[in-house]
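So the sequence shown is numbered by our numbering: it starts at 49 and just counts up by one.
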Amino acid sequence: MKNHPDAAKQLEIDKKDERNLVIANRAKAKAYDMMVFVLGALILVFALMGIDLIAVLILVFVYAFILGYNIYYRVKYYKEM
49 MKNHPDAAKQ LEIDKKDERN LVIANRAKAK AYDMMVFVLG ALILVFALMG IDLIAVLILV
109 FVYAFILGYN IYYRVKYYKE M
């Protein structure tokens, strides 16, 4: 990018463009929503199939961690805004 300052400047603008940030954040939100339902269904299916209890408990722990992380940041951002 040293040899092409115009391209570097445009790349920097694209990274910081508010519209691109909003699009990226909305895509992440949709992916998260899908992941919560899919992971919950996967845990239920594994439990009903009789998969090893340790594997199911690991998935449950990961699921609970993700939901806890969501709640933490939701409360944090709610207080900030």
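All C-beta atoms, glycine included, are put in the ideal place defined by N, C-alpha and C.
None of these values were measured; they are calculated from a predicted model.
C-beta contact flag for residue i and residue j at 9 angstroms
i           : j          : result
residue 114 : residue 87 : yes
residue 107 : residue 96 : no
residue 104 : residue 94 : yes
Coarse secondary structure for residue i, derived from DSSP in three states
i           : result
residue 98  : coil
residue 129 : coil
residue 54  : helix
residue 62  : helix
Environment of residue i [buried if 16+ CB atoms lie within 10 Å]
i           : result
residue 110 : exposed
residue 123 : exposed
residue 70  : exposed
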